[in-house]
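**Student:** Numbering (our numbering), first residue to last: 768 to 935.
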Amino acid sequence: METPLCSICLENDDILCNGCRAKLEDGDITQEEVELSRLLTDLAGRIENLEDVEIKHAIPTADALVIVTAEGDGPKVVGRNGRVVKKIAERFDKSIRVVEDTGDPHEVVEKLLAPVEYKGINTVYKPDGEERKIVVDEQQKPRVPFTEDEFEDLVERLTDEHLNLSFE
Ligand SMILES: [Zn+2]
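1. For Lys893, which three-state DSSP category applies?
2. May I ask which residues mark the beginning and end of the alpha helix (DSSP H) holding Pro842?
3. For Glu769, which of helix, strand or coil comes out of DSSP?
4. Ligand 1 and Ile775: does the residue's C-beta get closer than 6 Å to at least one heavy atom of that ligand?
5. Would you kindly check if the distance between the Cβ of Asp830 and the Cβ of Ser862 is under 7 Å?
6. Can the beta-carbon of Asn931 be found closer than 7 Å to that of Lys900?
7. Which first and last residues belong to the beta strand (DSSP E) in which Pro711 is found?
8. In three-state DSSP terms, what is Ile834?
9. Examine ligand 1 and report whether any of its heavy atoms sits within less than 6 Å of the Cβ of Ala849.
10. Mind checking whether Asp868 and Val835 have CB atoms under 7 Å apart?
11. Taking the straight line between their C-alpha atoms, what separation do you get for Thr909 and Phe918?
12. Quick check: the Cα distance between Asp871 and Glu792, rounded to an integer number of angstroms?
13. Under 8 Å Cβ to Cβ from Leu817, same chain only, skipping five residues before and after it: list those, please.
14. Between the C-alpha atoms of Val820 and Ala837, what's the straight-line distance to the nearest angstrom?
15. Using the three-state DSSP reduction, which class does Val820 fall into: helix, strand or coil?
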């Protein structure tokens, strides 16, 4: 398994090496990345295919944790029938979204919103250029674990594109 933590820190549960501690203090890795990496290492002994995954980031928002995996590793982190992702959700007591690091805006948006599907992408023309917004049925709002701002920040970080979120 590849994670933001070094292999030595993955294998223990309480202390961090000097290198990983410095990264945590500098904000290069998050506390969630430390906990998630160790949880998955622990589960990998019992769950098929988990050993092979690469975890790139774990990004916390107020109500959710977004796990960014290498391309192709998403289904392994979700697990059969969501088995792995349920354990992660129990540990963090948050909604979990698993996104592969493809940089593809459509895919990233789809995975962040899942199981909610968006109605469309609208282009809004403004004096200083155009904006694109992802439109989600407002009745689905309670099922989306992000605020508009959190969503926009995540999409920008994961794809370098600016997309607004709008509940209509
Ligand atoms: Zn370390």
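All C-beta atoms in this analysis are idealised placements derived from N, C-alpha and C, irrespective of residue type, glycine included. None of these values were measured; they are calculated from a predicted model.
**Tutor:** For this structure:
1. On the sequence shown, position 126 is the one that residue 893 refers to. Here Lys893 sits in strand by DSSP.
2. In the sequence shown, counting from the first residue as 1, residue 842 sits at position 75. Element bounds for Pro842: 841–845.
3. On the sequence shown, position 2 is the one that residue 769 refers to. DSSP places Glu769 in strand when its eight states are reduced to three.
4. As a position in the sequence shown, residue 775 is number 8, starting the count at 1. Yes, the Cβ of Ile775 comes within 6 Å of a heavy atom of ligand 1.
5. The count along the sequence shown starts at 1 and reaches residue 862 at position 95. The count along the sequence shown starts at 1 and reaches residue 830 at position 63. Going by C-beta atoms, Ser862 is nearer than 7 Å to Asp830.
6. Position 164 of the sequence shown, counted from the start, is the residue given in the question as residue 931. Position 133 of the sequence shown, counted from the start, is the residue given in the question as residue 900. Against a cut-off of 7 Å, the Cβ pair of Lys900 and Asn931 comes out as a contact.
7. Nothing about residue 711 can be reported from this structure: the residues present for the chain run from 768 to 935 only.
8. Within the sequence shown, numbered from 1, the residue matching residue 834 stands at position 67. Residue state, collapsed to three classes: strand.
9. Along the sequence shown, read from residue 1 onward, the residue named residue 849 stands at position 82. Checking the displayed sequence, the identity of residue 849 turns out to be Gly instead of Ala. No, since every heavy atom of ligand 1 falls outside the 6 Å radius drawn around the Cβ of Gly849.
10. Within the sequence shown, numbered from 1, the residue matching residue 868 stands at position 101. Within the sequence shown, numbered from 1, the residue matching residue 835 stands at position 68. Their beta carbons are under 7 Å apart, which means Asp868 touches Val835 by this criterion.
11. Taking the sequence shown and counting its residues from 1, the one referred to as residue 909 is at position 142. Taking the sequence shown and counting its residues from 1, the one referred to as residue 918 is at position 151. For the sequence presented, residue 909 should be read as Pro rather than Thr. Each residue's alpha carbon lies about 14 Å from the other.
12. In the sequence shown, counting from the first residue as 1, residue 871 sits at position 104. In the sequence shown, counting from the first residue as 1, residue 792 sits at position 25. The alpha-carbon atoms of Asp871 and Glu792 are separated by roughly 31 Å.
13. Here residue 817 refers to the residue found at position 50 of the sequence shown. The residues are Met768, Leu807, Leu810, Ala811, Lys843, Val844, Gly846, Val851.
14. Walking along the sequence shown from the start, residue 820 turns up at place 53. Walking along the sequence shown from the start, residue 837 turns up at place 70. About 7 Å.
15. Within the sequence shown, residue 820 is the residue found at index 53, counting from 1. If DSSP states are grouped into helix, strand and coil, Val820 belongs with coil.
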